[in-house]
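S.K.: Going by the numbering used here, the letters in the sequence shown line up with residues 68 to 338, in that order.
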Amino acid sequence: MTSQDDRDACEVALVAARAAGAAVLPLWHAGVEAGWKARRDPVTAADRVAESVVRALITETFPDDVVVGEEGPTVEESGIEGQRRWYVDPVDGTTNFLKRRPRWAVSVGFCDARDRLAAGVVHAPVTAETYAAVRGGGIVAGAGEEPAHPADALADVLLAVGALRGGHPGDVAAMQALDAAVLSVRMTGCTALDLCDVAAGRADAFWTSSCSRWDLAAGALIAAEAGALVTGMDGLALVGPAEQVLAAGPDVHDALLALIARAQSGAAAGV
Numbered sequence: 068m069t070s071q072d073d074r075d076a077c078e079v080a081l082v083a084a085r086a087a088g089a090a091v092l093p094l095w096h097a098g099v100e101a102g103w104k105a106r107r108d109p110v111t112a113a114d115r116v117a118e119s120v121v122r123a124l125i126t127e128t129f130p131d132d133v134v135v136g137e138e139g140p141t142v143e144e145s146g147i148e149g150q151r152r153w154y155v156d157p158v159d160g161t162t163n164f165l166k167r168r169p170r171w172a173v174s175v176g177f178c179d180a181r182d183r184l185a186a187g188v189v190h191a192p193v194t195a196e197t198y199a200a201v202r203g204g205g206i207v208a209g210a211g212e213e214p215a216h217p218a219d220a221l222a223d224v225l226l227a228v229g230a231l232r233g234g235h236p237g238d239v240a241a242m243q244a245l246d247a248a249v250l251s252v253r254m255t256g257c258t259a260l261d262l263c264d265v266a267a268g269r270a271d272a273f274w275t276s277s278c279s280r281w282d283l284a285a286g287a288l289i290a291a292e293a294g295a296l297v298t299g300m301d302g303l304a305l306v307g308p309a310e311q312v313l314a315a316g317p318d319v320h321d322a323l324l325a326l327i328a329r330a331q332s333g334a335a336a337g338v
């Protein structure tokens with residue numbers, strides 16, 4: 068059952084994500100310089116501006132809540148269990164943003180004091196698309212159309228793939244197996260929107276083996292509330308943030324999970 072707290076959190080997330088998107092959209096049009104947190108991990112003024120907007124709006128309404136943002140101070144998950152908290156990716160798809168590709172979004176996810184993802188919003192400023200969901204309440208915004216031909220077999224699956232562990236033998240083997248088994252594989256560089264594509268029927272599945280809490284929180288809830296099975300690689304329903312995630316329609320989820328597991332275990336065994 069959806070609680071009023073969850074609905075209130077979703078409303079704040081909607082306002083915050085849209086405000087942050089409006090604040091940084093001019094920077095996308097104008098272009099920004101990149102700084103680097105690590106190789107292949109850029110950061111820009113847009114990331115910092117968007118996060119400051121989201122943080123300000125959340126703390127104004129919920130001053131006692133914890134905000135875990137990609138550009139904020141490091142917060143260990145073990146230190147905030149049992150607390151109301153927010154996971155903020157101010158610009159999911161920073162590399163796309165830098166290259167002036169439109170595939171980026173502001174992602175705001177809320178986790179309640181029982182450690183459950185409870186509200187999530189993903190806003191894509193360039194296309195003005197907004198996706199939102201509340202735990203147990205379904206999709207609040209976006210993802211309203213049913214897919215015309217939902218995949219019921221691996222051969223018909225359009226699979227979106229997020230970040231993988233670079234050079235990891237198991238991931239390399241899994242990608243090879245997936246590419247041979249499904250209709251098509253797409254890597255777009257924006258986890259939040261990939262998960263929303265699953266919710267909207269634009270993709271049949273999404274897999275990543277290397278994502279952060281803020282990449283995942285909002286989109287995972289949106290996909291789950293739209294009817295996708297969203298699990299860890301153990302096949303158990305995702306409750307809170309994770310690093311390895313598979314989101315897929317019920318007809319193909321288990322087959323995809325088994326294929327990935329076989330490929331990864333085979334690589335580990337040197338088969």
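Glycine included, C-beta positions come from ideal geometry on N, C-alpha and C.
Just so you know, these numbers come straight off a predicted model, no measurement behind them.
1. Would D271 and V319 be called neighbours here (beta carbons separated by less than 8 Å)?
2. Just how far apart, CA to CA, sit L323 and A259?
3. Our contact map puts L250 next to D223 with C-beta atoms below 8 Å; I'd like the distance itself, whole angstroms only.
4. Considering H235, what are the terminal residues of the beta strand (DSSP E) in which it resides?
5. Is it the case that the region 228-248 contacts the region 136-149, given that we only count it when at least three CB pairs across the two stretches are under 8 Å?
6. On a CA-only basis, which of V207, N163 and L184 is nearest L81? Give me that one, please.
7. Give the straight-line distance between the Cα atoms of R181 and V173, rounded to the nearest whole angstrom.
8. Considering only DSSP beta bridges, list what H190 is partnered with.
9. Can you tell which of F177, E148, D132 and V155 has its C-alpha closest to the C-alpha of D114?
10. Quick check: R170 and G98, are their CB atoms within less than 8 Å of each other?
11. From this set, A284, G102 and A195, which residue's C-alpha is nearest T162's C-alpha?
12. Just reading off the beta strand (DSSP E) that T128 is part of, what are its end residues?
13. Hey, would you say G187 sits closer than 8 Å to A266, going by beta carbons?
14. Opposite G136 in the DSSP bridges: which residues?
15. Can you tell which of T69, V297 and V175 has the C-alpha that lies nearest to the C-alpha of P157?
16. Which same chain residues, not among the five before or five after E138, have their C-beta less than 7 Å away from its C-beta?
17. Go ahead and label R152 buried or exposed: buried means 16 or more other beta carbons lie within 10 angstroms of its beta carbon, across all protein chains shown.
18. Find out if the Cβ-Cβ distance for the pair G229, F273 is shorter than 8 Å.
19. Rounded to whole angstroms, what's the CA-CA distance from R269 to V252? Just pull it up for me.
20. Hey, A330 and A240 are a contact pair by Cβ (cut 8 Å); roughly how many whole angstroms apart?
21. What first and last residue would you give for the alpha helix (DSSP H) that runs through G98?
22. For A112, which residues from the same chain have a beta carbon less than 7 Å from its beta carbon, with the 5 sequence-adjacent residues on both sides left out?
23. Using the beta-carbon count (16 or more within 10 Å), is S332 buried or exposed?
24. Can you find the residues in the same chain that come closer than 6 Å, C-beta to C-beta, to S276, ignoring five residues on each side of it along the sequence?
M.R.: According to the data block:
1. Cβ distance < 8 Å, so D271 and V319 count as in contact.
2. 20 Å
3. 5 Å
4. That residue, H235, is in no beta strand (DSSP E); it is neither H nor E in DSSP.
5. no
6. That would be V207, whose Cα lies nearest to the Cα of L81.
7. 25 Å
8. V173 and T197, per the DSSP bridge assignment.
9. V155
10. no
11. G102
12. That residue, T128, is in no beta strand (DSSP E); its alpha helix (DSSP H) goes A112 to T128.
13. In this structure, A266 does not lie closer than 8 Å to G187 by Cβ.
14. In the DSSP output, where bridge partners are listed per residue, G136 has V155.
15. V175
16. V110, D114, R115, E118 and P157
17. buried
18. yes
19. Roughly 12 Å separates the two Cα atoms.
20. 4 Å
21. First-last for G98: undefined, no H or E at that position.
22. L94 and V99
23. exposed
24. Taking C-beta separations shorter than 6 Å and ignoring five residues to either side along the sequence, the partners of S276 in its chain run L231, R232, D238 and Q311, following chain order.
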